[in-house]
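The structure appears below as structure tokens.
Numbering (the numbering used here), first residue to last: 49 to 335.
Okay, here's the thing in structure tokens:
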């Protein structure tokens, strides 16, 4: 499994366009509200930085899988949320400002944690130190280009022309849903012939990682009595990781394509569970 123009160019570009649309629905007041309620940010970061990697290690230990699959699963878990989680949160009627904030913070933190935890996982499961130096500059530029810049432009449009921005923002939901379906279709078309083998090697582990993480994020938010939009956001942010980055790290920087198989399967699974989250979130919001 290797990255291609779909995952390295078209998918980030499409997600950046969606982030522009989401920015049209945001104001600075949304982000001030997040700062005023730091509990949600703390819970989200704890779920992403601690709960998710621990869950991946546990699955690697208890499930019958090749050591390469276990390492690949950990790499997926230590990656940040990415723009896909922002898109799914938006479509599910979750707290988008919180989602963007968590994506930005987790992306900054994981620049330092990904190399350390990847090396640790290589030693634990393979007996092999995987030297991975994640470049700080390019990582921050990618975050800015895909998440921060388009969201900021959308917010600027909202501030300058609020009526037009509100009209356009209503249409973005439908455009984004169609884009999500297109991404799933293209990924299935590209990997269709190898999908049965991938599912056999890492299907159970990735489904459990994704499902249990989303459930754990939602349960933490529920126990702390956070508002429904924040419950939706935390379920998505803890459960939906940047599979594209995991593929780029394993198949690209590490030159270990076998380690990318869990990320490839996860990149498909997360859109299926994300679709379920969208359905349940919109249903709950309209109730």
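Beta carbons are placed, not taken as given, at the ideal position from N, Cα and C, and that holds for glycine. Predicted model, so just to flag it, every value in this text is computed and none were measured.
In this structure, the beta-carbon distance from residue 295 to residue 140 does not fall below 8 Å. Under the three-state reduction of DSSP output, residue 112 falls in the coil class, being neither helix nor strand.
With fewer than 16 other CB atoms across the displayed protein chains lying within 10 angstroms of its CB, residue 76 is exposed. When the Cα atoms are used, residue 328 and residue 162 turn out to be separated by approximately 32 Å. Taking 8 Å as the cut-off, the beta carbon of residue 125 is found closer than this to the beta carbon of residue 101. For the set 332, 297, 316, 266, the Cα lying nearest the Cα of residue 128 is the one of 297.
Residue 206 sits buried, since 16 or more C-beta atoms from the chains shown fall within 10 Å of its C-beta. The alpha-carbon separation between residue 266 and residue 319 amounts to approximately 17 Å.
Put simply, the backbone Cα of residue 94 is about 11 Å away from that of residue 150. Rounded to whole angstroms, the gap between the alpha carbons of residue 272 and residue 153 is 21 Å. In this structure, residue 252 keeps its C-beta atom at 8 Å or more from the C-beta atom of residue 317. Fully contained in the region 124–162 are the following alpha helix (DSSP H) runs of length 4 or more, in chain order: 131–139.
Rounded to the nearest whole angstrom, the CA to CA distance from residue 262 to residue 91 is 13 Å.
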